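Read through the structure below, which is laid out as structure tokens, and then see the notes.
Numbering (our numbering), first residue to last: 16 to 352.
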């Protein structure tokens, strides 16, 4: 389901060791890089060019930028990072791993791109985002980001008053239905044959949510190419203009195995994420994680804020390391940290 952004001119990888390499060119990665670049840190963003929200026509729920096309936000972000001396490199990360520490004891990492290019860095910020895994229903994927949506806050206003269907994908789908009921009076809940307890059925009945227990066979596309409904296992077609589904969200991990970052599964099959602290710090010294790679439900604004916090934290610890090294050099000793 990955879609690429509009191609853009890539910066060259610098020689030598940079302060920070940011893996991921979305809101979290670019905002982290912006904070670092404004602190006069040498920073390189490695951008695969396949953002999660590429299929969407606009981004919502972020004040001032509400309604702006995702590609435009990323374009502005890249230019702002460059304005302060940061670099943005279009490429896929094939491997990333710790390297031998520097002579003064500072950490080092090596990031290798799929074309063989390499870059060395003192610290790493992982902001790879996540990948949405849709239920295996024929025809569902082709409408992703348009007739098929997942977030009532990202897309809800745009689909208000439409005939909406909820495709049950797990326990969270019951709550999902209540959120979308706020947006339309014509809501159908497709259980997919999964059990739905009496309490949920009573609550749905009270809100006028119709329940269909017959399994869904496929999504039906209309003559105009838009979503027209779902065909059930018994052949009946239920007309719908929009389908909402709670996806399974999985942090993008390609090329990061060498960092040995801890991961965890969230309850109810919701997804899998990197484990991190409040500022994005991880159990791996010198590596931070920000955005959807660790916070699966963060929208663009929250991801950008997390990137900024991680960038500030990285800069603070680099400042301490620089001071330790300078003091040790002045005293003719090896640094203590």
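For each residue, glycine too, the CB sits at the ideal point set by N, CA and C. Treat the numbers as computed from the prediction; the structure is a model and nothing was measured.
Buried/exposed call for residue i, threshold 16 Cβ in 10 Å
i	result
residue 335	exposed
residue 147	buried
residue 62	buried
residue 179	buried
residue 34	buried
residue 315	buried
residue 129	exposed
residue 292	exposed
residue 313	buried
residue 85	buried
Short Cβ contact (8 Å threshold) for residue i with residue j
i	j	result
residue 264	residue 311	yes
residue 101	residue 236	no
residue 317	residue 266	no
residue 59	residue 28	yes
residue 198	residue 174	yes
residue 66	residue 131	no
residue 225	residue 203	yes
residue 137	residue 258	no
residue 301	residue 36	no
residue 80	residue 330	no
residue 127	residue 142	no
residue 152	residue 234	yes
residue 25	residue 105	yes
Beta-carbon proximity list for residue i, same chain, < 7 Å, skipping 5 on both sides
i	result
residue 194	167
residue 97	103
residue 298	277
Other residues of its chain near residue i: CB distance less than 6 Å, five sequence neighbours each side excluded
i	result
residue 32	135
residue 295	303, 304, 305 and 325
residue 222	196
residue 184	150, 260 and 261
residue 271	111
residue 92	45
residue 230	207, 208 and 248
residue 215	189
Residues bridged to residue i [DSSP beta-bridge criterion]
i	result
residue 285	Answer is none; residue 285 lacks a bridge partner.
residue 303	140 and 296
residue 202	179
residue 61	38 and 104
residue 159	163
residue 231	247
residue 264	147 and 286
Neighbourhood of residue i by C-beta, 8 Å cutoff - its chain only, sequence neighbours within 5 removed
i	result
residue 328	294, 295, 296 and 303
residue 159	16, 70, 147 and 149
Requested in this report: Specify whether the region 307-322 and the region 36-46 touch according to this definition: at least 3 beta carbon pairs, one from each stretch, less than 8 Å apart.
Outcome: Short answer: they touch.
Query raised in the report: Should the region 232-246 be called in touch with the region 277-290, which here means at least 3 C-beta pairs below 8 Å?
Result: Flag = no, the region 232-246 and the region 277-290 do not touch.
Requested in this report: May I ask you to verify whether the region 66-86 touches the region 158-178, counting CB pairs closer than 8 Å and requiring at least 3?
Outcome: The region 66-86, when compared against the region 158-178, does touch it at the 8 Å Cβ threshold.
Query raised in the report: Between the region 112-125 and the region 335-346, do at least 3 Cβ pairs fall closer than 8 Å?
Result: Three or more Cβ pairs closer than 8 Å define a contact, and the region 112-125 meets that threshold against the region 335-346.
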